[in-house]
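Peer 1: Heads up: the sequence lines are chains A and B, in that order.
Numbered continuously in the working numbering, the first sequence closes out at residue 243.
Numbered continuously in the working numbering, the second sequence closes out at residue 1243.
We treat Cβ as the ideally placed atom computed from N, Cα and C, and that holds for glycine.
There are 2 protein chains.
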Amino acid sequence: MRNSLRTIQKQQTVRNKLRTLRVICAKTKGRLNSGGGIINQGLKHTDMHISNHCKIELPGWVTDFVENWHEPLSTTSQRMKLAIALSEENIRQQTGGPFAAVVVNEKTSELVSVGINLVTTAGLSIAHAEMVALSLAQAAIGEWNLSHAGHLQLVTSCEPCAMCFGAVPWSGVKSLICGARKKDAEAAGFDEGDKPDHWVRSLQRRGIVVQCGVLKSEAAAVLASYGDNGGAIYNANHGQENN
Amino acid sequence: MRNSLRTIQKQQTVRNKLRTLRVICAKTKGRLNSGGGIINQGLKHTDMHISNHCKIELPGWVTDFVENWHEPLSTTSQRMKLAIALSEENIRQQTGGPFAAVVVNEKTSELVSVGINLVTTAGLSIAHAEMVALSLAQAAIGEWNLSHAGHLQLVTSCEPCAMCFGAVPWSGVKSLICGARKKDAEAAGFDEGDKPDHWVRSLQRRGIVVQCGVLKSEAAAVLASYGDNGGAIYNANHGQENN
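1. Rounded to a whole number of angstroms, what is the C-alpha to C-alpha distance between D191/A and N235/A?
2. What is the DSSP secondary structure of T1156/B, counted as helix, strand or coil?
3. Tell me the DSSP secondary structure of G30/A in three-state form.
4. Does R1206/B come within less than 9 Å of chain A when only Cβ atoms are used?
5. Rounded to whole angstroms, how far is the Cβ of G1179/B from the Cβ of K1216/B, which I believe are closer than 8 Å?
6. Check whether the Cβ atoms of A1232/B and T1120/B sit closer than 9 Å, and answer yes or no.
7. Please tell me whether T75/A and Q211/A are closer than 9 Å, where the distance is taken between their beta carbons.
8. Do the CB positions of S109/A and A140/A come within less than 9 Å of each other?
9. Does DSSP put H148/A in a helix, in a strand, or in coil?
10. At which residues does the beta strand (DSSP E) containing L1111/B begin and terminate?
11. Is the beta carbon of K55/A sitting closer than 9 Å to the one on H1198/B?
12. Pull up the distance between the alpha-carbon of V1200/B and that of A137/A, whole angstroms please.
13. Using a C-beta cutoff of 9 Å, does M1080/B count as contacting chain A?
14. Give the secondary structure of K1055/B by DSSP, where H, G and I count as helix, E and B as strand, and everything else as coil.
15. Can you check whether the C-beta of I233/A is within less than 9 Å of a C-beta belonging to chain B?
16. Assuming I116/A and V62/A form a contact by the criterion Cβ under 8 Å, report the distance between their Cβ atoms to the nearest whole angstrom.
17. Under 7 Å Cβ-Cβ, which residues of chain A neighbour C1212/B?
18. Please tell me whether L223/A has its Cβ less than 9 Å away from any Cβ of chain B.
19. Which whole runs of the beta strand (DSSP E) in the segment 1080 to 1111 of chain B are 3 residues long or more, in chain order?
20. Please classify H128/A as buried or exposed, where buried requires at least 16 other C-beta atoms within 10 Å of its C-beta.
21. Mind listing which residues of the segment 163 to 193 of chain A have their C-beta closer than 9 Å to chain B's C-betas, in chain order?
22. What does G123/A touch in chain B if you count any residue whose Cβ is under 8 Å from its own?
23. Roughly how many whole angstroms lie between the Cα atoms of P1196/B and P196/A?
24. State yes or no: is the beta carbon of S51/A nearer than 9 Å to at least one beta carbon in chain B?
25. CB-CB under 7 Å to R206/A, same chain, minus the five flanking residues each way: which ones, in chain order?
26. If we count the other Cβ atoms within 10 Å of its Cβ and call it buried at 16 or more, is M1048/B buried or exposed?
27. If distances are taken between C-alpha atoms only, which option among L1082/B, P1072/B, A1149/B, F1099/B comes closest to V1222/B?
28. Give the DSSP-derived three-state secondary structure of S1125/B in the structure shown.
29. For K1081/B, does the count of other Cβ atoms within 10 angstroms reach 16, so buried, or fall short, so exposed?
30. C164/A and A185/A: beta carbons closer than 9 Å?
31. Please tell me whether, using a cut-off of 8 Å, the distance from the CB of I1084/B to the nearest non-hydrogen atom of the ligand NAP is below it.
32. I'd like the span of the beta strand (DSSP E) that includes S1074/B, first residue to last.
Okay, structure coming up:
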């Protein structure tokens, strides 16, 4: 399987290169982006090209890690323990920021998906742990509406940022369990964005049960350790914000 | 290329099936998800399996549509015109909801990326037009921080929902241009989520210039037409919310 995966990746690289060439060719003909005079000159190109796809993919260690996780997932604390362990391993493996999340079937305790922060390695600012977990849960069930797969629960090692908060109601999960608090992430150096003051109530009004502070000390300790060790902070406007 | 793409897709399907089998095998051995008693029985399986990747991909018509767009992109209105045209075409092609966005280099007017709402077709609730446009811009420049590629501008046919609002600062865009208003999307039947009351100020504090209401009548007309024609509304808790 590993070799055939490499073959697929090579083919995809070739395909991407051909697409780039095609777009550059289109640009020289003035068919793409006729504004701004750049294309009208018919000479100047930039390194940028239109992409038609992007991918979110868990690194290889995650599957092994989950397969070797022998502890039960019957309670919210047990589920949070897995999320926190994944966030720690994500730091150790240097595959992203100190955040992780899991989607679990509330009733059967089955693990539906796993998400870790992949912003820096996937090169996508939306690839927060919650977004990855929700998207991979949807990939697993084959549709965007998780409410069609029973009562699914998103368990995240840290309270969601403004983006992930907004994403929760669109996903169809029935409950949200959070570990560390916003202030813990901020103390480690992260901008968490601005949620509405009554963000928990906002989710509750949409039928989503929210529980915060589950294993909060353990979850916050991972963030503190990341901050203390100078882990990368990847807020686009971080410097600016602190000026 | 089309044939080799099919070959890749077939190989990926085989790969996914093998992965599913592998996970099911792991489950029967009690190595995955030992909670809830399901696995302990060693017999009962569900149709769900852990996915390790998902993909956001523009449908084929988008590239042709953009290549045949001969109008300039020098002003915010011209850029909005393209976003609105894409939102209309997305309805016509039945490839998603009535929303579209583009990322443009503010200074050179070069088109960096295009996004359309792909929630229903990609099977991902995060695949809103703005998220797709930002992610494909990042795929195009090869990194998550768009501020490294100059002053990039996100132009969206409708004011961002709570999730997309939260995503904007993480992306590195320098400005946000909106067409239709939240109330226009809500009138068409969409839940737009709860943004902070002072969401524009929240972005401005992070160095992002915001302009709302560009070609708002034209943008709102697309939403109204979608609503009037009974277009699919895909809020997970929509029914519940209106009860």
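Peer 2: Looking at the coordinates:
1. 6 Å
2. strand
3. Summary for G30/A: the model assigns pLDDT 32, below 50, so the residue's position carries little reliability, and this model does not support an answer.
4. yes
5. 6 Å
6. yes
7. no
8. no
9. helix
10. 1111 to 1116
11. no
12. 32 Å
13. no
14. strand
15. no
16. 7 Å
17. None at all; the shortest Cβ gap to chain A is about 17 Å.
18. no
19. 1100 to 1105
20. buried
21. M163, C164, F165, G166, A167, V168, P169, W170, S171, G172, V173, D191, G193
22. Q1138, A1139, G1142, E1143, W1144
23. 4 Å
24. yes
25. P169
26. In this prediction, M1048/B has a pLDDT of 49, which is less than 50 and means its spatial position is unreliable; what the coordinates show is noted afterwards. Looking at its Cβ environment, which holds 16 or more other Cβ atoms inside 10 Å, M1048/B is buried.
27. F1099/B
28. coil
29. buried
30. no
31. Absence of the ligand NAP from the depicted structure is noted, as is the absence of any ligand whatsoever, leaving it without description.
32. Premise fails: S1074/B is in no beta strand (DSSP E) and is neither H nor E.
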